[in-house]
Structures are given as C-alpha cells and as structure tokens.
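Here the structure is laid out as structure tokens; the discussion comes afterwards.
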Ligand code: 13P
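Residue numbers (our numbering): 251 to 498.
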C-alpha cells in the first residue's frame, strides 16, 4: 500500500521567527499522524525546520534544487548540499517553470540529481488555464511526466498534480477531474518504466479543510501538496487528519 503524504509548500513565506513558531505548532498538532507529513520551507529555514522536527517522525523537503554538483552558480543550492537536511525535493513546480524558466530538460536533470543523491523528488505537473480550456490536460500532463523521467532510473518518487489555474486561485479542481488526471499520471509513469502503483500521487491547488476530504477519497489520490493552507498550523493539521482518516 502507498503511504499517504501531506506536504506543505511554504513557498517564499515566513520570517525566521514565524518559521520557528509555525513548525513547532505543526509538530504539536500533527506529529502523531500515521501518514507521511512533509514540511517544505524556504531553503534558509531548512536547517531550523529539520532541527525542530528531530525525533518527530515528520519529514522535511526543499522547494527546489540545482542539478549541478558544485561551482559558479550564484544563488543556487546544489542537491548535494541538501543531503542531511531534508528527504524530499519538489521539482517542476509550475512557479519554477513559469517564473524561473525551468524547462522539461532542466526538470529532468533536477529529478535525476535528486534521485542520485538519495533524495525523493516530488514531481509537480499540471496544465495551465489555457490548456485546460482547450481540452489539452491529458497531453500536457503526459508530456511533463514523460519528459521529467528521461534518464531516470527506477527509484523512490512522488508525483503531484497541480493544475496551474487552481494554484492560489481559490478555485480547486473537482475531485473527479483530479482523479482522472491521477490515472493519466500513473499511465505516464508506467510508460516511463516506473511501477505506477508504488508512486504516491498528490493533488495540489487551493486545497482547504473544506474540500480536501473529496480528494483523498479518490482511489488514485494519496494526499496533498498544500500551499496557502500549510501556513496555518491548525488548517494544515486538519488536512493531515483528513488524509489519515481516509487512509486508515
Ligand atoms: P495553494 O494551496 O496555495 O493553491 O498552492 C498549491 C501549491 O502550489 C503547492 O505547491
């Protein structure tokens, strides 16, 4: 059985004191959960968050990483530098693709670098509003999954379906749409040589305690990648509870 995962992507939010307060509040509320709970803070708080979570069973993820081993890449953080501070790394988030120029090839290199270093990539995929309206969701998601896994050997992997139009918009996808795309993700994983039933598939995009139960009730959705609601300890803990209740 796939282990359910609820991951919080804090994005570029929290000052040091806020990060410390938030992670401790989440730890108090969610550490006993029977599922995998992952906190993805800004890189500058990775050490703080990983120390705060020591012994809790909760996991830490980075929001991105550069694929080169080391060198003259001002402002970047190498995968190898994250080893020991986190277990997961988000790759291919639509904000990276859209705002920072992460191409299919760059996403694939980052994914392979993470796997080679023993970190688990959380591969984010999803269509934008125009592609959604044009009925191109399946084509876009298949291409993103296939391209990201070029050169990847079988290894621990998490996939996240995050429709771009649903991120931060307050307009989540329907659970049925997300379930359908999750089956497409699994099919694309299989085409890329992965054992699709062993890869958790998460949904992300305007998840709240009011809509999450509908997603985790779907057979192919194993949890969530949470933005805004992960910045509120109580809301995030409620999502962890909902995913736990759906699974056990
Ligand atoms: P929101 O939950 O704020 O829509 O963000 C989702 C997301 O992008 C998580 O990676």
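Think of the CB as a built atom: it goes at the ideal place given N, C-alpha and C, for glycine as much as any other residue.
Note to self: Rounding to the nearest angstrom, what Cα-Cα distance links residue 461 and residue 253 in this structure?
What the structure shows: In this structure, the alpha-carbon of residue 461 lies about 21 Å from that of residue 253.
Check: Does any heavy atom of the ligand 13P sit closer than 8 Å to the C-beta of residue 382?
Finding: no
Check: Nearest to residue 396 by CA position, among 255, 355, 413, is which residue?
Finding: A check of alpha carbon separations from residue 396 across 255, 355, 413 identifies 355 as the nearest.
Margin query: Restricting to Cα atoms, I'd like to know which of 326, 477, 361 is closest to residue 341.
Written below: 361
Notebook entry, point to check: Over what stretch of residues does the alpha helix (DSSP H) that includes residue 396 continue unbroken?
Noted result: 387-398
Margin query: So, at 7 Å on beta carbons, what are the nonlocal neighbours of residue 489 in its own chain, with the 5 sequence-adjacent residues on each side left out?
Written below: Setting aside the 5 residues that flank it on each side, residue 489 is surrounded in the same chain by 256, 457, 459, 462, 474, 476, 479, each with a C-beta closer than 7 Å to its C-beta; the list follows chain order.
Note to self: Taking the straight line between their C-alpha atoms, what separation do you get for residue 410 and residue 377?
What the structure shows: 12 Å
Notebook entry, point to check: Got a sec, what are the start and stop residues for the alpha helix (DSSP H) residue 273 sits in?
Noted result: 266-280
Margin query: Using the three-state DSSP reduction, which class does residue 505 fall into: helix, strand or coil?
Written below: The requested residue 505 is not part of the displayed model; the chain covers only 251 to 498.
Check: Taking buried to mean at least 16 other C-beta atoms within 10 Å of its own C-beta, is residue 278 buried or exposed?
Finding: exposed
Notebook entry, point to check: Given 8 Å as the limit, is there contact between the region 328-338 and the region 363-370, that is, 3 or more CB pairs closer than that?
Noted result: yes
Check: With respect to the beta strand (DSSP E) encompassing residue 373, which residues constitute its N-terminal and C-terminal limits?
Finding: 370-375
Notebook entry, point to check: What first and last residue would you give for the beta strand (DSSP E) that runs through residue 487?
Noted result: No beta strand (DSSP E) contains residue 487, which is instead part of the alpha helix (DSSP H) from 483-497.
Notebook entry, point to check: Which of the three DSSP states, helix, strand or coil, is assigned to residue 408?
Noted result: Residue 408 falls in the strand class under three-state DSSP.
Notebook entry, point to check: Among the residues of its own chain, which have a CB less than 7 Å from the CB of residue 455, if the five just before and after it don't count?
Noted result: 412, 413, 416, 417, 422, 423
Next item on the list: Let me know if residue 363 comes out buried or exposed under the rule of 16 or more other beta-carbons within 10 Å of its beta-carbon.
Entry: buried
Notebook entry, point to check: Is residue 426 helix, strand or coil when you go by DSSP?
Noted result: helix
Margin query: Classify residue 426: buried if its beta carbon has 16 or more other beta carbons within 10 angstroms, exposed otherwise.
Written below: Exposed is the call here.
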